[in-house]
Amino acid sequence: MCKSLSLKKIRFNIDELISTGQRVKTLTEILNNQLTYIDFWASWCVPCRQEMPDSKKLAIDYKNKGINFVYISMDHNPVAWQKAIKQIGLSETHNYLLPKGNDSEIAKKLKIVAIPRYIIMDKEGRIVNSDAPRPSDPKIREVFDDMLKK
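Heads up: take any position in the sequence shown, counting from 1, add 103, and you land on this note's numbering.
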């Protein structure tokens, strides 16, 4: 079953995130008042990149159902991150770089020690699932469908 932090709201120093346009975003902007599936990944992480085709398909399937897909790279090299986005074919609008990676406040608060890692947050920024299924796991669709019913 899914691990949850029982709707725990964690405050982040959102200034740690850089968008592809080099503009720092706020958590409110990133969540976009939607249920949000956050994918922590890196350009050098083979399992992360193997999940991307399934993640892109999920994003398309749930686009109009109220689920926002956000990709946060743990790369230390912004050039490698942007190159990987282009190679994978990810939308630049929902991609962010966490330049400090595991040393960032976000990674420490979320206890991200390995990637890929998937987290689901509700509209208010509360963590609903701190270790959500991977995009390739059929259970993720069950999780999304159950959450959308609420």
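For each residue, glycine too, the CB sits at the ideal point set by N, CA and C. Here the structure is a predicted model, which means the values were calculated and not measured.
Any idea what DSSP makes of residue i, helix, strand or coil?
| i | result |
| --- | --- |
| V173 | strand |
| S122 | strand |
| V231 | strand |
| D157 | helix |
| C105 | Confidence in C105 is poor, its pLDDT being 41 and thus under 50, which makes the residue's placement unreliable; the coordinate value appears in the next sentence. C105 falls in the coil class under three-state DSSP. |
| D249 | helix |
| D240 | coil |
Going by alpha carbons, who is nearest to residue i out of the options?
| i | options | result |
| --- | --- | --- |
| A162 | M250, K252, P238 | P238 |
| E119 | L251, N232, K212 | K212 |
| I222 | P156, K203, N171, P241 | N171 |
| P219 | S176, K186, K242, P241 | S176 |
| M250 | K203, W147, G169 | G169 |
| G204 | M224, P236, A145 | A145 |
| C148 | D240, M224, H179, E245 | H179 |
| E245 | Y165, Q185, F143, G228 | Y165 |
| P254 | D240, V216, S122 | The requested residue 254 does not occur in the structure, where the chain is confined to residues 104 to 253. |
| F143 | Y174, M224, I121 | Y174 |
| G228 | N167, F247, E195, Y140 | Y140 |
Can the beta-carbon of residue i be found less than 8 Å from the beta-carbon of residue j?
| i | j | result |
| --- | --- | --- |
| Q137 | K253 | no |
| I230 | P236 | no |
| P181 | L200 | yes |
So, do the stretch 145-160 and the stretch 173-193 have three or more beta carbon pairs nearer to each other than 8 Å? yes
Is it true that the stretch 202-209 meets the stretch 131-142, where meeting means three or more beta-carbon pairs spaced less than 8 Å apart? no
For the stretch 166-221, which segments carrying the beta strand (DSSP E) assignment without a break, of at least 3 residues, lie completely within its bounds, in sequence order? 170-176, 198-200
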